[in-house]
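Trainee: The structure follows.
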Amino acid sequence: MIEVENLTKYYGNLAAIENITFRVEKGEILGFLGPNGAGKTTTMRILAGFFPPTSGTARVVGYDVVNDSIEVRRRIGYMPETIPLYKDMRVKEYLDFVAEVKGIPRKTRKSKIEKVMKECGATEVSHRLIGKLSKGFQQRVGLAQALLHDPEVLILDEPTIGLDPKQIIEIRQLIKGLAGERTIILSTHILPEVSMTCQRVIIINEGKIIAMDTPENLNKQLQKLTQIFLQVEGPPEEVASQLGKVKGVVKVTKKEEVSPGVWNYIVESSKDLDVRKGLAQIILSHQWGLLELRPLGMSLEDIFVKLVTAEEREAE
Amino acid sequence: MKNFYAVVKKEMRSYFTSPIAYVVIIIFLVLSGFFFYNGIAYFNLVSLQAMRSPYGAPDLNISEWVLGPLFGNISIFMLLMMPLLTMRLFSEEKKGGTIELLFTYPIKDIETVLGKYASCVGVFIIMLLPTLIYPLLIHKYSTVELGPVISGYLGLFLMGSAFIALGLFFSSLTENQIVAAVISFGTLLLFWVIGWPSTLASSKIGSLLTQLSILEHFDEFSKGVIDTKDVIYYLNFIVLSLFLTMRSLESKRWRG
Chain L
78 MIEVENLTKY
88 YGNLAAIENI
98 TFRVEKGEIL
108 GFLGPNGAGK
118 TTTMRILAGF
128 FPPTSGTARV
138 VGYDVVNDSI
148 EVRRRIGYMP
158 ETIPLYKDMR
168 VKEYLDFVAE
178 VKGIPRKTRK
188 SKIEKVMKEC
198 GATEVSHRLI
208 GKLSKGFQQR
218 VGLAQALLHD
228 PEVLILDEPT
238 IGLDPKQIIE
248 IRQLIKGLAG
258 ERTIILSTHI
268 LPEVSMTCQR
278 VIIINEGKII
288 AMDTPENLNK
298 QLQKLTQIFL
308 QVEGPPEEVA
318 SQLGKVKGVV
328 KVTKKEEVSP
338 GVWNYIVESS
348 KDLDVRKGLA
358 QIILSHQWGL
368 LELRPLGMSL
378 EDIFVKLVTA
388 EEREAE
Chain P
2 MKNFYAVVKK
12 EMRSYFTSPI
22 AYVVIIIFLV
32 LSGFFFYNGI
42 AYFNLVSLQA
52 MRSPYGAPDL
62 NISEWVLGPL
72 FGNISIFMLL
82 MMPLLTMRLF
92 SEEKKGGTIE
102 LLFTYPIKDI
112 ETVLGKYASC
122 VGVFIIMLLP
132 TLIYPLLIHK
142 YSTVELGPVI
152 SGYLGLFLMG
162 SAFIALGLFF
172 SSLTENQIVA
182 AVISFGTLLL
192 FWVIGWPSTL
202 ASSKIGSLLT
212 QLSILEHFDE
222 FSKGVIDTKD
232 VIYYLNFIVL
242 SLFLTMRSLE
252 SKRWRG
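Following this line, the structure appears as structure tokens:
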């Protein structure tokens, strides 16, 4: 459905994205994950036909985004990051304009608009000026204009940014409900969003793809090590060295002192060995105070940070 | 073509939901009304004097004395006000980011450009139409020659359309409306006065400067002469400006 090959975009001398290659199959929801300025928006703008790449090709539903820009634009629904809407238009007027330029026949236009407003929960504000709406409702209108012509491909740039928690859940459910028929690319820097809505994740940093897989696989891949959090009262250097001697422990990191004599530690161990018992024993045998011991699960957040920082280390 | 109408509709709506169109039109009509009254009052005075002493009285023709100068004055209001109408056309969309959505809708650039252009010309026509009341008023109490009225309005229409085209182009260059307005106004004013130094320059350059002047080409219209060279001058002005606007939009899509 979407084929991107060696996509590169320069702003002057600055590379926003470099050699990005990926595919999205029909009906898939792909999450674009990355810190701010990683190149998510740039990639999406190229896919939406807003500007061309410096080099490389991108095809959407078989059409090239540069040469067949109009054909591509007919088939996508795009929701930009900041939801730029005409503030001096009423919601219905605006959607009417969008329906017209997207080529929805006059006969079905009205019913289509009603339907999409209902889907996005914007019916109650249909007669109000867009500029006077709250951020949440503007977001809904933004989504409504993207969905209006039942596009095969949806490109959503940060669809839940600036919403309150209840609205976020609603929008996520709406997006999930759209899956199946449509192919969706959405970007976000909120990680749980990706694991909740997407079937596949691309992690992008400084313009390069650093990981691409399902959220589950990414979890598995990176959890070779188990992390355990410890809070111990005792001489920090000695505690650290003793902990390191426990069988299966790979690394001990001394964190910060929380109160006089009490330090936090992170212990990393190989995945197949449970070292918790050994750790507890060694602390007790030295008569130190064991205040806390718990395993740290790895969230997508950790994976993300880990991948991004690993990449940076390699670069150095 | 359908998209063209959609853009025109959207832009017209935007002009009339914001106060811009109303303010510009009202101020324009107040000013032109004032100048019309002045012209008529002065003409009355001169007529009265001519009645008292018919010898040596000037040739009193109401079209020449009232309407001709009025068209000249209206053209100056247009020079001042057109940049204010055109400045928002692209700048506002650039600043507000709405251009991102507009450019990702399946609308061709030419449809956007012509749609925006046509909507502004539409506002201009709405602004100009009420001034028809002046020749009608004269007609009620005197006789108006139809020819100069038609040519005068044709001249005003062409000139205004040319102003709008140039303003549209400058609006496509910047996201700041004030900058767009100032550059449009400055450029138009330059074209207005460019013929002035023609007497100082050599005859070749002098005639070139005269030919470039917006004002020179308008003079004939206000005298009641429709010359193809003047019509073509304004049409050229419009087509060139719209062409530049297209290029300016297209430059966004250049690989770089």
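Protein chains in written order, with the working numbering: chain L, 78 to 393; chain P, 2 to 257. All C-beta atoms in this analysis are idealised placements derived from N, C-alpha and C, irrespective of residue type, glycine included.
#1: Which residues bound the alpha helix (DSSP H) around residue 193 of chain P?
#2: Which same chain residues end up closer than 8 Å to residue 96 of chain L when comparing Cβ atoms and leaving out the 5 residues on each side of it in sequence?
#3: Quick check: the Cα distance between residue 182 of chain L and residue 2 of chain P, rounded to an integer number of angstroms?
#4: What distance in whole Å lies between the Cβ atoms of residue 245 of chain P and residue 110 of chain P, which are believed to be in contact at a cut-off of 8 Å?
#5: When you compare each of P/200, P/7, P/71, P/240 to residue 29 of chain P by their alpha carbons, which one comes out closest?
#6: Return the residue from the list P/177, P/202, P/128 that minimises the CA-CA distance to residue 78 of chain P.
#7: Any idea what DSSP makes of residue 88 of chain L, helix, strand or coil?
#8: What's the gap between the Cα of residue 269 of chain L and the Cα of residue 118 of chain P?
#9: Counting only the same chain and skipping the five closest in sequence on each side, list residues whose C-beta sits under 7 Å from that of residue 247 of chain P.
#10: Roughly how many whole angstroms lie between the Cα atoms of residue 226 of chain L and residue 117 of chain L?
#11: Any contact of the segment 81-100 of chain P with the segment 150-167 of chain P, i.e. 3+ C-beta pairs under 8 Å?
#12: Just confirm the distance between the C-beta atoms of residue 320 of chain L and residue 326 of chain L, as a whole number of angstroms; I'd bet it's less than 8 Å.
#13: DSSP three-state label for residue 372 of chain L, please.
#14: Can you determine whether any heavy atom of the ligand FAD sits closer than 6 Å to the C-beta of residue 314 of chain L, and answer yes or no?
#15: Give, in chain order, every unbroken run of the beta strand (DSSP E) that is at least 3 residues long and sits entirely within the segment 282-317 of chain L.
#16: Let me check understanding here. Comparing Cα to Cα, which of L/80, L/106, L/347 lies closest to residue 258 of chain L?
#17: Do you know offhand how far residue 142 of chain P's Cα is from residue 37 of chain P's?
#18: Under the DSSP definition of a beta bridge, which residues are partnered with residue 256 of chain L?
#19: Check the DSSP bridge columns for residue 82 of chain L and list the partner residues they point to.
#20: What are the start and end residues of the beta strand (DSSP E) that includes residue 156 of chain L?
#21: Given that a residue counts as buried once 16 or more other Cβ atoms are within 10 Å of its Cβ, and exposed if not, what is residue 53 of chain P?
#22: Could you tell me whether any Cβ in chain L is nearer than 7 Å to the Cβ of residue 173 of chain P?
#23: Could you round the C-beta distance between residue 261 of chain L and residue 231 of chain L to whole angstroms and report it? I think they count as a contact, below 8 Å.
Mentor: Once the coordinates are examined:
#1: 178-194
#2: 83, 84, 85, 133, 285
#3: 14 Å
#4: Rounded to the nearest angstrom, the Cβ distance from residue 110 of chain P to residue 245 of chain P is 12 Å, too far for a contact under 8 Å.
#5: P/71
#6: P/128
#7: strand
#8: 47 Å
#9: 110, 111, 114
#10: Using only the alpha carbons, I get a separation of about 24 Å.
#11: Verdict: yes, contact present.
#12: Correct: roughly 6 Å between the Cβ atoms.
#13: In this structure, residue 372 of chain L counts as strand in the three-state DSSP scheme.
#14: The model on display carries no ligand, and the ligand FAD is accordingly not part of it.
#15: 285-290, 302-310
#16: L/106
#17: 15 Å
#18: L/259
#19: L/134
#20: Taken as a continuous stretch (DSSP letters only), the beta strand (DSSP E) holding residue 156 of chain L covers 153-156.
#21: exposed
#22: no
#23: 5 Å
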